[in-house]
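What follows is a single structure, written as structure tokens, with notes after it.
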Amino acid sequence: MAEILYFAWVREAVGIDGETLALPATVSTVAGLLDWLAQRSPGHAAALADRSRIRVAVDQAFAGPDTPVTGAREIAIFPPVTGG
Amino acid sequence: MPAIGARLQTDEFDGAAEQAALLAGRRDLGAAVNFTGLVRADDGLVALTLEHYPAMTLGQMQAIADAAAARWPGVVGTIIHRHGRLLPGESIVLVVTAAPHRADAFAAASFLMDWLKTKAPFWKREEFADGTTRWVEARAHDDDAAARW
Chain A
1 MAEILYFAWV REAVGIDGET LALPATVSTV AGLLDWLAQR SPGHAAALAD RSRIRVAVDQ
61 AFAGPDTPVT GAREIAIFPP VTGG
Chain B
1001 MPAIGARLQT DEFDGAAEQA ALLAGRRDLG AAVNFTGLVR ADDGLVALTL EHYPAMTLGQ
1061 MQAIADAAAA RWPGVVGTII HRHGRLLPGE SIVLVVTAAP HRADAFAAAS FLMDWLKTKA
1121 PFWKREEFAD GTTRWVEARA HDDDAAARW
């Protein structure tokens, strides 16, 4: 099982701040995960529609589209950061 | 204790006290830089809320601090980032650095701010007088500033 976390407007668009999901074996990368998640609800689809505005951290390290997610425990999905 | 320490908090900080603590007992430091980022009341903004990724934020801030310490040996410092709802005029972020010579103190402070803006998991939501809210969009020039290091 993987804990999927959402932050900022991604959280608002999805409508929940996180969910615990069993990822299917066909989902092996960040890009594949986003494709799969986008099918879960209209909110997910809206949040993930523009991948250029989406950033991901796998087990608390920033990740790219090709980063593996197999075996990951915590995957966070969020907009580009705006702190400082 | 790391050469540059990172802290995350909701409360206001005292930049002068942080710098004094950093310099206490030191006679080898010839330069100190003290930077504070503040909430600006642009376009009728009444509050700025900093959301962050609790499990990751402080570790990432310390990794940024350690990266600066590795690039500029001899630099010491403190970085503090606030989260929660902040009002115009309040502080958001503190970067204090000190070094034997000013070039390293300035460079490390600038690097720390550029990386905090682009590599720490914070998100700003603006709140306006008419009740509307808006998430701040990331800016390309911040990415450019971070990439120059």
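Those protein sequence lines, which keep their order, are chains A and B.
In terms of my numbering, the first sequence opens at residue 1 and continues consecutively.
In terms of my numbering, the second sequence opens at residue 1001 and continues consecutively.
Built from N, CA and C at the ideal position, the CB exists for glycine as well.
Using the Cα positions of residue i and residue j, report the straight-line distance between them to the nearest angstrom.
i	j	result
V30(A)	I1004(B)	33 angstroms
S1110(B)	V1039(B)	19 angstroms
A1098(B)	M1001(B)	16 angstroms
A1140(B)	F7(A)	21 angstroms
A1138(B)	T1057(B)	17 angstroms
A1146(B)	L1116(B)	9 angstroms
A1067(B)	L1112(B)	9 angstroms
T1036(B)	Y1053(B)	22 angstroms
V27(A)	R1102(B)	51 angstroms
E1127(B)	P1100(B)	42 angstroms
Along chain A, in chain order, which residues have C-beta atoms closer than 7 angstroms to that of residue i?
i	result
A1120(B)	V81, G83
A1140(B)	Result: empty, since nearest Cβ-Cβ is about 10 angstroms, beyond 7 angstroms.
H1081(B)	G83
Kindly list, in the order they appear in chain B, the residues whose Cβ is closer than 8 angstroms to that of residue i.
i	result
A8(A)	E1051, W1123, R1125, W1135
A57(A)	Y1053, M1056, P1121
With distances taken Cα to Cα, identify the nearest neighbour of residue i among the options.
i	options	result
E74(A)	E19(A), S41(A), A8(A), G43(A)	E19(A)
E1090(B)	A1047(B), K1119(B), A1067(B)	A1047(B)
G1077(B)	A1031(B), R1125(B), R1139(B), L1086(B)	A1031(B)
D1042(B)	A1129(B), A1140(B), T1010(B), P1100(B)	A1129(B)
V81(A)	Q1060(B), R1071(B), V1095(B), D1066(B)	Q1060(B)
F78(A)	V27(A), R40(A), Q60(A)	Q60(A)
T1133(B)	A45(A), A63(A), E12(A)	E12(A)
A1070(B)	L1023(B), D1104(B), D1011(B)	D1104(B)
A1096(B)	D1144(B), V1075(B), R1027(B), T1118(B)	For the record, residue 1096(B) in the displayed sequence is Val; it is not Ala. The option with the nearest alpha carbon to V1096(B) is V1075(B).
N1034(B)	I1079(B), P1088(B), F1122(B)	I1079(B)
Which bits of chain B does residue i rub up against, with CB to CB less than 9 angstroms?
i	result
A88(A)	Here chain A has residues from 1 to 84 only, and residue 88(A) is not among them.
Over what stretch of residues does the alpha helix (DSSP H) that includes residue i continue unbroken?
i	result
A1138(B)	No alpha helix (DSSP H) contains A1138(B), which DSSP labels as neither H nor E.
Would you kindly report the start and end of the unbroken beta strand (DSSP E) that includes residue i?
i	result
A2(A)	2–6
A1006(B)	1004–1009
Interface residues of chain A around residue i at Cβ under 8 angstroms?
i	result
V1093(B)	G83, G84
G1131(B)	Residues of chain A passing the Cβ test: none, with the nearest at roughly 16 angstroms.
G1059(B)	Q60
L1116(B)	G83, G84
G1037(B)	G84
* To do: Pick out the complete beta strand (DSSP E) segments inside the region 1079–1126 of chain B, 3 residues or longer, and give them in chain order.
  => Restricting attention to beta strand (DSSP E) runs no shorter than 3 residues, the region 1079–1126 of chain B encloses them at 1084–1086, 1091–1099, ordered along the chain.
* **4-residue-minimum alpha helix (DSSP H) runs that sit fully inside the region 1014–1057 of chain B, ordered along the chain** => Segments of the alpha helix (DSSP H) lying fully in the region 1014–1057 of chain B: 1015–1023.
* Where in the region 12–74 of chain A do unbroken runs of the alpha helix (DSSP H), each at least 4 residues long, occur, reported from the N-terminal end onward? -> Along the length of the region 12–74 of chain A, whole alpha helix (DSSP H) runs at least 4 residues long occupy 30–38, 42–47, reported in chain order.
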